[in-house]
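> This structure is in structure tokens; I'll ask about it shortly.
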Amino acid sequence: MKLIHIALFAVILFAGSEVCAQQTITAEQAQVTINSTTSRQQLADLRASLDQVGIKFLYEPEFDNNRNILGIRYQLVDAASGTILGSHEIHNLQNPAVKTSFRLAKTSGSWSAACVGTCED
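Right, here's the structure in full:
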């Protein structure tokens, strides 16, 4: 019975991670998706993670009274050069089909954007 509980917990944990903000951030790349289940804490953690690799994540989220994200406006800046990598604004994030994402890569010491806003997976 305990094994069933552990397996069920693992499935729920994995499924839950799929609907939250998804991110891969390393010294050479950043791939992020923000969707209907992204929380204030996840945005703050994202900002801190990007800051550690030299990217400023400036954002203005909009939440409802239940702390569900409704929309976000953000700008990405290479901290070393001050270069704006991109910006995006999106609303209707309460719709599970709506999301915003960005993909950045670092080459020769500078960050560049592959896409910001609507990135095909």
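Sequential numbering of the sequence shown, starting at 1208, is according to my numbering. Even for Gly, the Cβ is constructed at its ideal location relative to N, Cα and C.
1. Taking the alpha-carbon positions, what's the Asp1271 to Ile1297 distance?
2. Would you call the region 1309-1319 and the region 1284-1297 touching, i.e. three or more CB-CB distances under 8 Å?
3. On the CB-based measure, 16 or more other CB atoms within 10 Å of its CB, does Thr1231 come out buried or exposed?
4. What does the alpha-carbon distance come out to for the pair Asn1273 and Ala1320?
5. At 4 residues or longer, and completely inside the region 1239-1286: list those alpha helix (DSSP H) runs for me, N to C.
6. CB-CB under 6 Å to Gln1236, same chain, minus the five flanking residues each way: which ones, in chain order?
7. If we call anything under 8 Å between Cβ atoms a contact, is Ile1241 one with Lys1306?
8. Anyone know if the C-beta pair for Leu1257 and Glu1269 falls short of 8 Å?
9. I need the straight-line Cα distance from Val1239 to Ala1287, nearest angstrom please.
10. Among the candidates Tyr1266, Glu1327, Ala1234, whose CA atom is the shortest distance from the CA of Gln1249?
11. May I ask which residues mark the beginning and end of the beta strand (DSSP E) holding Glu1296?
Concretely, from the data shown:
1. 15 Å
2. yes
3. With fewer than 16 Cβ atoms within 10 Å of its Cβ, Thr1231 is classed as exposed.
4. 33 Å
5. 1247-1259
6. Ala1312
7. yes
8. no
9. 20 Å
10. Tyr1266
11. 1291-1297
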